[in-house]
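Report on the following structure.
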Amino acid sequence: MKKLSRKTARFVIVCLAIFAALMGLAALTQNMVFFMAGLVTGVFGLMIRSSKIRCPHCGELKMIKMMDILKWSEEIHFECPTCGGIIEYDDK
Ligand SMILES: [Zn+2]
Numbered sequence: 074m075k076k077l078s079r080k081t082a083r084f085v086i087v088c089l090a091i092f093a094a095l096m097g098l099a100a101l102t103q104n105m106v107f108f109m110a111g112l113v114t115g116v117f118g119l120m121i122r123s124s125k126i127r128c129p130h131c132g133e134l135k136m137i138k139m140m141d142i143l144k145w146s147e148e149i150h151f152e153c154p155t156c157g158g159i160i161e162y163d164d165k
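So in this note's numbering, spot 90 of the sequence shown is number 163, and the numbers just go up one at a time.
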């Protein structure tokens, strides 16, 4: 059975963490370079999230909430309301 890639989900978490760190740095130093780099990293992370973190069965995107992606090693397990497929990570 197809599952969500944990690696990809972690990649998104890392992107968002870097985004937050760079935004913090930008606010502290008033440096536009940090701001732009943070923005690019954040947008990149969200692009990966919306292109890769989908229901592995039908491609439904909205059902998988940001909260589910932000769990570094916790399990998720629920039925996709669109296709009834089980959504879980592949690291079991
Ligand atoms: Zn589905």
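Note that CB positions come from ideal geometry on N, CA and C, so glycine has one too.
Problem set entry | Beta-bridge pairing of Ile91 - partner residues as DSSP gives them | Position 18 of the sequence shown, counted from the start, is the residue given in the question as residue 91. According to DSSP, which records beta bridges pairwise, Ile91 is partnered with nothing at all.
For this session: Alpha carbon to alpha carbon, how far is Arg83 from Met139? Give it in angstroms, no decimals.
Result: As a working mapping, residue 139 is identified with position 66 in the sequence shown. As a working mapping, residue 83 is identified with position 10 in the sequence shown. Distance between the alpha carbons of Met139 and Arg83: 12 Å.
Problem set entry | Outcome for Leu143 when other beta-carbon atoms lying within 10 angstroms are tallied against a minimum of 16 | Here residue 143 refers to the residue found at position 70 when the sequence shown is read from its first residue. With fewer than 16 Cβ atoms within 10 Å of its Cβ, Leu143 is classed as exposed.
For this session: Please determine if the segment 84-95 and the segment 115-135 are in contact, where contact requires at least 3 C-beta pairs separated by less than 8 Å.
Result: yes
Exercise. Under three-state DSSP, which class holds Ile149?
Worked result: Position 76 of the sequence shown, counting from 1, holds the residue named residue 149. Ile149: coil per DSSP, three-state reduction.
For this session: Please find out if some non-hydrogen atom of ligand 1 comes closer than 7 Å to the beta-carbon of Glu133.
Result: Counted from its first residue, the sequence shown places residue 133 at position 60. The closest heavy atom of ligand 1 lies less than 7 Å from the beta carbon of Glu133.
Problem set entry | Terminal residues of the alpha helix (DSSP H) in which Lys194 lies | For the chain, the structure presents residues 74 to 165; residue 194 sits outside this window and is missing.
Exercise. Over what stretch of residues does the alpha helix (DSSP H) that includes Ile142 continue unbroken?
Worked result: Counting from one through the sequence shown, the residue named residue 142 turns up at place 69. 139-142 is the extent of the alpha helix (DSSP H) around Ile142.
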